[in-house]
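Step one of this worksheet: look at the structure below.
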Amino acid sequence: MTRQNRQSFFDIYADEYDLLTNAAAREEYHAKEVAALIERFQPTSVLDAGCATGLTAGLFARQGIPVVGLDRSKAMIEVAKQKFAASGLPITFQVGQFEKLPVRLYNRFDLIVCLANSISGVGTRTHLREALKRFHLALKPGGYLVLQLLNFAAVKEDELLPIKATMNEGIIYERFIERQRRHFFTYITRLDTTLSPPKLEVFRYSFDNFTEGEVTRCLHLRSFQRIEKYSDLYLTTPFRRRSRDIVFVCHKHD
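Per the numbering used here, the very first residue in the sequence shown carries number 4; after that it's consecutive.
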């Protein structure tokens, strides 16, 4: 049975998100990336925008750094809260949209991280500009935004680009990205082979093509300074045209 689901995977299967992203296998590697960010920026307060179930936020908090995890999915935030409820770490989670950050978060953080292409969740260029404006307001003077997204220019027209495939206890998860002119589509498939017949669900999300140049212009428009571009979160490899990822490091003026 195949079904295209109009509901969000992240709301229906929030408790399976760590399986979809293979979080257990990623944690050791990602901990090194977070350590590199801590060494570079020496943050005393962090906003993890697009925190999902809390992997990145938890890695910052384990170093004693107070973290607020923000995600637009209520179900994902509930999973994150459950995971860290008894941890004793300086970490809180809340539901929210990047383009609608509440005033209570303004001028509060010296580092904002928005990783793993989470910014594409805003959907449109208008919302992108508003989200970057709110990030700028949420930073303290002298703070930094680290924004990681896929380099969509490297995806060919009408190409279905596989991102990741994982399997757990008979359930197979796959993710793809497709480019159609100035728009992109993300597909998440969930195949449950434990059922007879197997059940396949397809989740589809659309968003505008946020190019390197467009994001750079939006960052300048929102008064970010000293914008640097890298290919990885270690911030050691300069961004190149065919890089898979692009990482923007953006400074708010003192």
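Where a beta carbon is used, it is the ideal one built from N, C-alpha and C, also for glycine.
Just so it is clear, the structure is predicted and the values come from calculations on it, not from any experiment.
Own chain, CB closer than 6 Å to R245, minus 5 neighbours either side, in chain order
The residue given as residue 245 occupies position 242 in the sequence shown. Cβ within range, chain order: A157.
From the DSSP output, which residues share a beta bridge with Q151?
Taking the first residue of the sequence shown as 1, we reach residue 151 at position 148. Its beta-bridge partners are V250.
Can you tell me which of L153, I180, L62, F44 puts its alpha carbon nearest to the alpha carbon of A27?
The residue given as residue 27 occupies position 24 in the sequence shown. Nearest C-alpha to A27: L62.
Kindly identify the DSSP beta-bridge partner or partners of F227.
For this step, residue 227 is matched to residue 224 along the sequence shown. Per DSSP, K255.
How about F188 and A134: are their beta carbons less than 8 Å apart?
By one-based count along the sequence shown, residue 188 stands at place 185. By one-based count along the sequence shown, residue 134 stands at place 131. Contact flag unset, no.
Is N154 close to chain C, meaning its C-beta is less than 8 Å from at least one C-beta of that chain?
Among the chains of the structure shown, chain C does not appear; only one protein chain is present.
Between A141, T95, L148, I15, which lies nearest to R43 when the distance is taken from Cα to Cα?
Translated into the one-based positions of the sequence shown, residue 43 becomes position 40. Checking every option, the nearest Cα to that of R43 belongs to L148.
With a threshold of 7 Å on Cβ separation, who are the neighbours of A60 within its own chain once the five nearest residues in sequence on each side are excluded?
Position 57 of the sequence shown, counted from the start, is the residue given in the question as residue 60. Within the same chain, A60 has close Cβ partners D51, C54, V70, G72, I94.
Using a Cβ-Cβ cut-off of 7 Å (strictly less than) and excluding sequence neighbours within five positions of F87, which residues of its own chain qualify?
Taking the first residue of the sequence shown as position 1, residue 87 is located at position 84. Excluding residues within five positions, the ones whose Cβ falls inside 7 Å are G57, G61, I94.
Test item: CB-CB of A141 and L104 under 8 Å
Locating residue 141 in the sequence shown gives position 138, where the first residue counts as 1. Locating residue 104 in the sequence shown gives position 101, where the first residue counts as 1. Contact: yes.
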